[in-house]
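Input: a single structure, listed below in structure tokens.
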Amino acid sequence: MLGGAVVVALLGVLGGGAPIPTPIGVGPGYRLPAAPAALMRGAPVGRFDCATTPHARTRAHVELFANRRVLLLPAGIGMAPPVVRDGAYVLLARCSYALRTTAPTGVVEVVPGSRATVGDLFRVWGQPLRSSRLAGFRGHVHAYVAGKPWRGDVRAIPLRWHAQIVLEVGGYVRPHALFLFGSSG
């Protein structure tokens with residue numbers, strides 16, 4: 009019996025255990041489009057061009073919370089239309105940027121060596137991000153990487169291989185320390 013208590017205590021310290029379900033936000037502020045006007049045209053966005061040649065990609069996971077509700081990263085960020093969809097997934101696009109989303113899961117595909125950051129993701133997405141703003145939500149933005157608080161500009165967080173990044177505004181949601189990527193990840 010003592011062994012079970014030790015395991016439970018360790019899971020609490022290490023951030024394990026059952027995840028606490030967090031509802032998905034409802035309303036237009038939580039349902040944001042994937043593509044701003046520049047991306048719709050396939051125009052350069054910041055230092056990124058829209059490339060037609062396929063690239064190998066690594067993956068990072070980005071979770072967003074506003075007022076203790078999930079704010080989904082939509083499928084199709086960084087993918088210029090016309091796109092081919094299969095339900096909620098974007099399978100093909102005219103061209104893709106160095107960072108993109110193909111599913112509304114928070115997984116961001118990144119071309120290795122692009123030095124992409126969370127700020128770049130929001131720029132390509134066409135949504136504001138700074139210390140007091142997360143998309144359409146205002147308030148102090150808290151950032152966590154691998155479950156630990158990020159000190160510094162939230163836009164500077166690197167989108168590295170298998171990074172687990174959480175951004176929150178308007179209330180605390182316990183940040184996940186890791187994300188289980190599939191075998192292709």
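Numbering-wise, this note's numbering comes out as the position in the sequence shown, counting from 1, plus 8.
Beta carbons: idealized from backbone N, C-alpha and C, even for Gly.
Cβ shell of residue i (< 8 Å), same chain only, five flanking positions each side left out
i, result
"N75", "G33, F145, V177, G178 and G179"
"T197", "The structure shown does not extend to residue 197, since the chain is modelled only from 9 to 193, so the question has no answer here."
"R123", "P166"
"T110", "A83, G84, M87, Y97, V98, L99 and E117"
"V92", "V98, L99, L100 and A101"
"G50", "C58, A88, R102 and C103"
"R67", "V115, V116, E117, V118, W169, H170, F189 and G193"
"S140", "R146, G147, H148 and V149"
Beta carbon of residue i nearer than 8 Å to that of residue j
i, j, result
"H69", "V115", "yes"
"L40", "P89", "no"
"L31", "R77", "Reading off the sequence shown, one finds Pro at residue 31, where the question assumed Leu. Cβ distance < 8 Å, so P31 and R77 count as in contact."
"L188", "A151", "no"
"V53", "R138", "no"
"L129", "L107", "yes"
"Q172", "A154", "yes"
Cut-off 6 Å between Cβ atoms - residues of its own chain near residue i, not counting five sequence neighbours on either side
i, result
"A42", "P82, G84 and I85"
"H63", "V119"
"F56", "Y105 and A106"
"L186", "Q172"
"V16", "Residue confidence for V16 is low, a pLDDT of 34 falling below 50, so the modelled location carries little weight and cannot support an answer."
"P112", "L80, P82, A83 and A96"
"W133", "I85"
"A37", "In the sequence as displayed, the identity of residue 37 is Gly instead of Ala. So the qualifying residues of the chain are G144."
"D161", "none"
Beta-carbon contacts of residue i that lie in its chain and below 7 Å, excluding the five residues immediately before and after
i, result
"M48", "A88 and P89"
"G127", "L137, R163 and A164"
"L22", "For L22, the predicted structure reports a pLDDT of 44, less than 50, and the residue's modelled location is therefore unreliable. A value from the coordinates is still provided. Answer for L22: no residue qualifies."
"W158", "A151, Y152 and I165"
Rounded distance between the beta-carbons of residue j and residue i, thought under 8 Å
i, j, result
"E71", "H184", "7 Å"
Heavy atom of the ligand FAD within 7 Å of residue i beta-carbon
i, result
"A42", "Among the ligands in the structure shown, none appear at all, so the ligand FAD cannot be discussed."
Inset, instruction - May I have a chain-ordered list of the beta strand (DSSP E) segments no shorter than 3 residues that lie completely inside the segment 73-132? - result: 87-94, 97-104 and 115-118
Inset, instruction - Evaluate contact between the segment 92-106 and the segment 145-156, counting only Cβ atoms and requiring at least three cross-stretch pairs below 8 Å. - result: no
Legend entry - Uninterrupted beta strand (DSSP E) stretches inside the segment 147-192 (no shorter than 3 residues): Counting only runs of 3 or more, we get 150-153 and 172-177.
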